[in-house]
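Visitor:
There are 2 protein chains.
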Amino acid sequence: MNYINQYIDENKERFLEELFGLIRIPSISSLSENKADMLKAAEYWKNTLLKAGADKAEIMPTEGNPVVYGEKIIDKNLPTVLVYAHYDVMPVDPIELWHTPPFEPQIVDEKIIARGADDDKGQSFMHAKAFELMVKTNTLPCNVKFMIEGEEEVGSPNLPGFCEKHKEILKADIILVSDTGMIARDIPSITTGLRGLSYMEVEVTGPDRDLHSGIFGGAVANPANVLAKMIASLHDENNHITIPGFYDDVIEISLEERAEMAKAPFNLDNYKKALSIQSEWGEKGFSTTERTGIRPTLDINGIWSGYTGEGAKTVLPSIATAKISMRLVPDQENEKISELFKKHFESIAPDYVKVKVTALHGGQAYVSPMKMPAYIAAEKAYTETFGKKPVPTRSGGSIPVIAEFERILGVKSILMGFGLESDAIHSPNENYPLFNFYKGIETIPYFYKYFSELSK
Amino acid sequence: MNYINQYIDENKERFLEELFGLIRIPSISSLSENKADMLKAAEYWKNTLLKAGADKAEIMPTEGNPVVYGEKIIDKNLPTVLVYAHYDVMPVDPIELWHTPPFEPQIVDEKIIARGADDDKGQSFMHAKAFELMVKTNTLPCNVKFMIEGEEEVGSPNLPGFCEKHKEILKADIILVSDTGMIARDIPSITTGLRGLSYMEVEVTGPDRDLHSGIFGGAVANPANVLAKMIASLHDENNHITIPGFYDDVIEISLEERAEMAKAPFNLDNYKKALSIQSEWGEKGFSTTERTGIRPTLDINGIWSGYTGEGAKTVLPSIATAKISMRLVPDQENEKISELFKKHFESIAPDYVKVKVTALHGGQAYVSPMKMPAYIAAEKAYTETFGKKPVPTRSGGSIPVIAEFERILGVKSILMGFGLESDAIHSPNENYPLFNFYKGIETIPYFYKYFSELSK
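Residue numbers (our numbering), protein chains in the order written: chain Z, 1 to 456; chain H, 457 to 912.
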């Protein structure tokens, strides 16, 4: 057993306990009632970094939740890895579908079950512990910086400003991120592309108050019916999105590239079985992998109107609201898409309703080149610990701030994600297998090693 | 001043205090948490009837909330009026739009503000007080029975059974109901038609759990998008309902009758202004009054799916649900329509979702003949107290049990409603003008007088 496996083996219980301490803080960034928890989580991270061996760690304010910054500079001439992660998590609704309380982590079937178990407390904590391992075993081969934010799940509204302001201290050769997934427990992969995001909220108002559906029904437009009709019109019969100009900037992938992508292991029957769906859905002319990897999409993330309680209430609602988000691909500009959406949605509103469209957040798509040293270093690291070369994949998900890092700091990111599709991130019963957690801690030091060697 | 006005004048404060006592009981029939309040409201009614002069009054069980039955039989050879009303009320959501607590009645601008102020506590209490007035002034000209139920707002599921079981004690010559509206404060009207109702709940399920919209969006059908599309398809471009067979049994009204109806006072500009809408909506080829009076309709009463909290959550929901109700006209059978809806909705479900359709409740439409003695008596009563003949109108609303009364008991109903459109029944800030409350108490004794005379 080498020093990496030995250190993990001797400390594995403590690693887990420390992670559980972080998970127990319900740092839900989208809810104002959890404001105090954000600071608690930030302090937990600061202490974690100091104890792991950082020269310094501090909680730096932003206009929103603070950023935890830490560093260990061993030699200014050596390369620098900047670890990016987030300490905030998603809300837990629908809470009734959780089998265990979301902020009381437990181990069930060799998996950590909790909100944040994977996204991103479990994955980020691997970096804290891999860093500690390298410090304690005197094997840290380069400088390390940490930037742990608290607003990723609400679109990182203040991180670009933070980066602008602190360009100097954030100088690095690569940004290292574990906030994505891998194909399967035995199929490591590296995410080379991320979709961008435009997240909108639309509000359709009919009459100025809820009405009795018997007295007014049929003579006054029902905003819920109208919203349904407007939403329905956003996809055509081929499931193409109907917003004018929406596809203008989409980079079309060549047939050769698509053939290459199609070689990645994927089984549609297993996919459908895992989701309990009878058939898949999507844009005509593209495969399931292509639909989430290289094509933009539009989804209702939430909709509500009228009476949603028990039993029957014969109300004609005044207002109907929906949260609608679009996943974007290179070279779609998220701000341009939000603007196109707004213009289109307003234009299709009939005159018997009023429509309000708000952009909630967004981010650019990102592509990570496979020829950069960091990619090669990551590839070697996975090969070392998994015994096989990782597969390059394009993820359907978005980490909007990744594209911003490149724009502001001029630094590329490498996405070494250890999550699995079955981790149910953003969903009830989020989980993270212990295997992946420890495998991450094992793999990360190899990345540092090879990256330092390749950057010499 | 005659004895009626004198009695009202001497007791008006007490009438109001007693009504407030009833309103303060939050007897919401659709919420199981308010179960205990239902019995409280029933007891309040029992005591009210006994104090007003009933020979007997009792709380009679059903499989749901009990019925309060009371009677005063002065002479078996005289005609009998059966007063029907309900002590249950609608839920108060959205609570945040109320300007005052819904179960703390207050007088603002000469109106009672509270849930149930009009529907049906305010309107039903007029009958208790008019009855008291006739007893105390020794002017009751006939027998009176009261049947006050606690499940009208959930479709009276147990009242038909109650009527079947107690046919004998419910024998009457006319059923008198105040649970509808009049055209305006100075334009009395009698409702001669009521729409029927089919109230459905539909549930569309995609994947078996909420998914990350980035990772799965575009490749897995989103049940909220699908539900929107299905709902949108329920109306065609002329706002006709597309369910096959839906219009088969609708009685088409002759052009002469429509011309007669069009004479009722109605101002579309005022209607739109009162609702803050820029334009009206509805089935092509019909006027606003016809759309709510003689045509069937379909409305979303509630819809919900996914994340409906603050901020953004990138979820692809597992389930989308809607409450959808249809208002029916003679001779549409509500059970047949519910079945047609279910069949159609299931048939249009694509195979990438599962659909569950449940009928929540329903009722038949009703027509009240203008030639019956009770109509003529009511017409004379209004003429006496308002100084003008009431206008016959067809209401868009439904009191499903009215049609059942005729079927089971063989007794017609007369709908002497004193509510106004501005009373916001079923909505936040429900209200009932004091004018209408006292005018009702004043008009009802005249109805008893003329009905007794005409029935001799």
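Glycine included, C-beta positions come from ideal geometry on N, C-alpha and C.
Between Thr-593(H) and Tyr-727(H), which are expected to be in contact by the criterion C-beta below 8 Å, what is the C-beta distance as a whole number of angstroms?
Guide: Between Tyr-727(H) and Thr-593(H) the Cβ distance is about 41 Å, and since that is not below 8 Å, they are no contact.
Visitor: Does DSSP classify Arg-714(H) as helix, strand or coil?
Guide: Note: Arg-714(H) maps to helix in three-state DSSP.
Visitor: Of all the CB atoms in chain H, is at least one closer than 8 Å to the CB of Trp-304(Z)?
Guide: Interface residue, yes.
Visitor: Does any CB atom of chain Z fall closer than 8 Å to the CB of Thr-744(H)?
Guide: Judged by the 8 Å Cβ criterion, Thr-744(H) is in contact with chain Z.
Visitor: Cβ closer than 8 Å: which chain H residues qualify as neighbours of Tyr-307(Z)?
Guide: Pro-547, Asp-549, Asn-757, Gly-758 and Lys-779, listed in chain order.
Visitor: Tell me whether Glu-514(H) sits in a helix, a strand or coil according to DSSP, three-state version.
Guide: Note: Glu-514(H) maps to strand in three-state DSSP.
Visitor: Does the beta carbon of Trp-98(Z) come closer than 8 Å to any beta carbon on chain H?
Guide: Answer no: the Cβ-Cβ gap between Trp-98(Z) and chain H never drops below 8 Å.
Visitor: Hey, does Phe-216(Z) have any beta-carbon neighbour from chain H nearer than 8 Å?
Guide: Output row for Phe-216(Z): interface = yes.
Visitor: Short of 7 Å in beta carbon distance, which residues of its chain neighbour Arg-751(H), apart from the five on each side in sequence? Order them along the chain.
Guide: Glu-739, Phe-742 and Val-785, listed in sequence order.
Visitor: Given a cut-off of 8 Å on the beta-carbon distance, is the pair Leu-176(Z) and Val-83(Z) in contact?
Guide: Yes, the Cβ-Cβ distance between Leu-176(Z) and Val-83(Z) is below 8 Å.
Visitor: Along the segment 150-172 of chain Z, what residues have a CB closer than 9 Å to any CB found in chain H?
Guide: So the list reads Glu-153, Val-154 and Gly-155, given in the order they occur along the chain.
Visitor: Tell me the DSSP bridge mates of Phe-146(Z)?
Guide: Per DSSP, Gly-70(Z) and Val-83(Z).
Visitor: Using the beta-carbon of each residue, which ones in chain Z are nearer than 8 Å to Leu-784(H)?
Guide: Those do not exist, as Leu-784(H) stays about 10 Å from chain Z at its closest Cβ, beyond 8 Å.
Visitor: Taking buried to mean at least 16 other C-beta atoms within 10 Å of its own C-beta, is Lys-412(Z) buried or exposed?
Guide: Burial call: buried.
Visitor: Thinking C-beta only, is Asp-807(H) closer than 8 Å to Ser-781(H)?
Guide: No. Outside cutoff.
Visitor: Fully enclosed by the segment 95-163 of chain Z, which beta strand (DSSP E) runs are 3 residues long or longer?
Guide: 106-108, 111-113 and 143-149, all fully within the segment 95-163 of chain Z.
Visitor: Applying the 10 Å Cβ sphere with the 16-neighbour rule, what's the burial state of Pro-561(H)?
Guide: With 16 or more Cβ atoms within 10 Å of its Cβ, Pro-561(H) is classed as buried.
Visitor: Cβ of Thr-292(Z) less than 8 Å from any chain H Cβ?
Guide: For Thr-292(Z), the answer is yes, since a Cβ of chain H falls inside 8 Å of its Cβ.
Visitor: In its own chain, which residues sit with a C-beta less than 8 Å from the C-beta of Ile-804(H), not counting the 5 before and 5 after it?
Guide: Cβ within range, chain order: Met-686 and Ser-689.
Visitor: For Gly-866(H), does the count of other Cβ atoms within 10 angstroms reach 16, so buried, or fall short, so exposed?
Guide: So Gly-866(H) ends up on the exposed side.
Visitor: Terminal residues of the continuous beta strand (DSSP E) containing Lys-388(Z)?
Guide: Taken as a continuous stretch (DSSP letters only), Lys-388(Z) belongs to no beta strand (DSSP E), as it is neither H nor E.
Visitor: Can you tell me the Cα-Cα spacing of Val-809(H) and Ile-277(Z), whole angstroms?
Guide: Taking the straight line from one Cα to the other gives about 7 Å.
Visitor: Tell me whether Thr-814(H) sits in a helix, a strand or coil according to DSSP, three-state version.
Guide: Thr-814(H): strand per DSSP, three-state reduction.
Visitor: Threshold first: 4 residues or longer. Then list the alpha helix (DSSP H) segments lying entirely within the segment 746-771 of chain H, N to C.
Guide: The qualifying runs do not exist here; there are none.
Visitor: I'd like to know whether the C-beta of Arg-195(Z) is nearer than 8 Å to at least one C-beta of chain H.
Guide: At least one chain H Cβ lies under 8 Å of Arg-195(Z).
Visitor: Can you list, in chain order, the residues of its chain whose CB lies under 6 Å from that of Tyr-822(H), leaving out five sequence neighbours each side?
Guide: For Tyr-822(H), where only same-chain residues beyond five positions count, the Cβ hits under 6 Å are Leu-650, Ile-858 and Ala-859.
Visitor: Is Lys-323(Z) helix, strand or coil when you go by DSSP?
Guide: The answer is strand: DSSP assigns Lys-323(Z) an E or B state.
Visitor: Using only the alpha-carbon positions, how far apart do Leu-275(Z) and Ala-675(H) sit?
Guide: Approximately 12 Å between the Cα atoms of the pair.
Visitor: Exposed or buried, what is Glu-18(Z) when buried is set at 16 or more other beta-carbons lying within 10 Å of its beta-carbon?
Guide: By the neighbour-count rule (16 or more Cβ atoms within 10 Å), Glu-18(Z) is buried.
Visitor: Please compile the residues from chain Z whose C-beta is within a distance smaller than 7 Å of the C-beta of Asp-692(H).
Guide: Those do not exist, as Asp-692(H) stays about 11 Å from chain Z at its closest Cβ, beyond 7 Å.
Visitor: Can you tell me which of the three DSSP states Ser-338(Z) falls into?
Guide: The answer is helix: DSSP assigns Ser-338(Z) an H, G or I state.
Visitor: Does any C-beta atom of chain Z lie closer than 8 Å to the C-beta of Trp-501(H)?
Guide: Answer no: the Cβ-Cβ gap between Trp-501(H) and chain Z never drops below 8 Å.
Visitor: Under 8 Å between beta-carbons, which chain H residues line up against Tyr-199(Z)? List them in chain order, please.
Guide: Those are Ala-768 and Thr-770, listed as they occur along chain H.
Visitor: From the DSSP output, in three-state form, read off Ile-187(Z) for me.
Guide: Strand at Ile-187(Z).
Visitor: Who are the Cβ neighbours of Thr-48(Z) in its own chain at under 6 Å, not counting the five residues just before and after it?
Guide: Cβ within range, chain order: Ala-128.
Visitor: Would you tell me roughly how many angstroms separate the C-alpha atoms of Ile-376(Z) and Phe-451(Z), rounded to the nearest one?
Guide: One C-alpha to the other measures close to 8 Å.
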